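Structure, as structure tokens:
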Amino acid sequence: MTTDSKKNKEVTFDEEKNLQVISDLYKNATMAQNCIKTLLPYVEEQALTKALHKQVEQYDSYIEQIGTTGEVFKFEPTPVPKSVVWMSNMALKAKMLADRSSTHIAKIMLQGTLNGIIDLYRLAKEEGVHPDVQTLQKQLLRYEEGKFENLKDWL
Numbered sequence: 444m445t446t447d448s449k450k451n452k453e454v455t456f457d458e459e460k461n462l463q464v465i466s467d468l469y470k471n472a473t474m475a476q477n478c479i480k481t482l483l484p485y486v487e488e489q490a491l492t493k494a495l496h497k498q499v500e501q502y503d504s505y506i507e508q509i510g511t512t513g514e515v516f517k518f519e520p521t522p523v524p525k526s527v528v529w530m531s532n533m534a535l536k537a538k539m540l541a542d543r544s545s546t547h548i549a550k551i552m553l554q555g556t557l558n559g560i561i562d563l564y565r566l567a568k569e570e571g572v573h574p575d576v577q578t579l580q581k582q583l584l585r586y587e588e589g590k591f592e593n594l595k596d597w598l
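Residues in the sequence shown are numbered from 444 upward in steps of one, following this note's numbering.
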């Protein structure tokens with residue numbers, strides 16, 4: 444248990460819960476980034492390519508923040524299992540065989556982003572999580588919600 448005293452109020456944080464939430468944030472960001480990288484070679488429209496490259500860079504930043512925040516809790520990043528990444532990549536590549544349009548790519552991205560948003564809302568309900576971890580979760584959630592809205596422009 445980690446404690447934090449603010450405003451003379453003693454609050455206890457569950458270290459195991461913090462590690463799990465940090466791990467889930469790490470997996471969310473790395474999986475999103477990996478999916479974008481898998482789709483990039485199929486993107487033909489320059490503006491969409493540029494937007495997706497910016498997302499990859501932003502996820503790099505979040506992954507770094509997650510690592511920095513996780514150091515407090517002695518977090519060791521565990522990558523998403525290779526089999527999960529492989530299956531995801533194969534599914535994306537199969538979807539791209541039939542249709543490489545920006546609309547189709549946006550649809551795929553919207554579905555993946557929605558899954559990430561759902562996971563982040565689930566994490567927001569966890570109790571006993573340190574405020575720094577909660578802040579990071581909220582930042583990532585706001586970012587993904589914003590990207591979800593932006594992707595609608597490509598439909």
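Heads up, the beta-carbon is just placed ideally off N, CA and C, and yes, glycines get one too.
All values derive from a computational prediction rather than experimental measurement.
Given a cut-off of 8 Å on the beta-carbon distance, is the pair residue i and residue j in contact?
i: A541; j: Y502; result: no
i: K568; j: L598; result: no
i: T512; j: D596; result: no
i: M552; j: L483; result: no
i: G510; j: P520; result: yes
i: L583; j: D467; result: no
i: E488; j: S545; result: yes
Mapping the DSSP letters down to three states, classify residue i as helix, strand or coil.
i: F518; result: coil
For residue i, collect the residues of the same chain with a Cβ closer than 6 Å to its Cβ; drop the 5 residues on either side in sequence, then sort them by chain order.
i: H573; result: F456, N461
i: G571; result: F456, D457, K460
i: N451; result: Here N451 scores only 46 on pLDDT, less than 50, and its place in the model is too uncertain to base an answer on.
i: Y469; result: I509, P520
Enumerate in chain order the residues of its own chain whose CB-to-CB distance from residue i is below 8 Å, with the five nearest sequence positions on each side excluded.
i: T481; result: S531, N532, L535, K536
i: K581; result: A567
Using 8 Å for Cβ pairs, my map puts residue i next to residue j. What's the rounded Cβ distance?
i: L563; j: N471; result: 7 Å
i: I465; j: F516; result: 6 Å
Taking its Cβ as the centre, do 16 or more other Cβ atoms sit within 10 Å of residue i, making it buried, or is it exposed?
i: E587; result: buried
i: S448; result: Confidence in S448 is poor, its pLDDT being 46 and thus under 50, which makes the residue's placement unreliable; the coordinate value appears in the next sentence. So S448 counts as exposed.
i: G559; result: buried
i: T473; result: buried
i: I561; result: exposed
With a CB to CB cut of under 7 Å and the five nearest residues on each side skipped, what residues in its chain are close to residue i?
i: K590; result: Q498, T556
i: V486; result: T492, L495, I548
i: V528; result: N477
i: Q508; result: L579
Consider the C-beta atom of residue i and the heavy atoms of the ligand NAD; say whether any pair is separated by less than 7 Å.
i: M552; result: Absence of the ligand NAD is noted for the structure shown, with no ligands found whatsoever.
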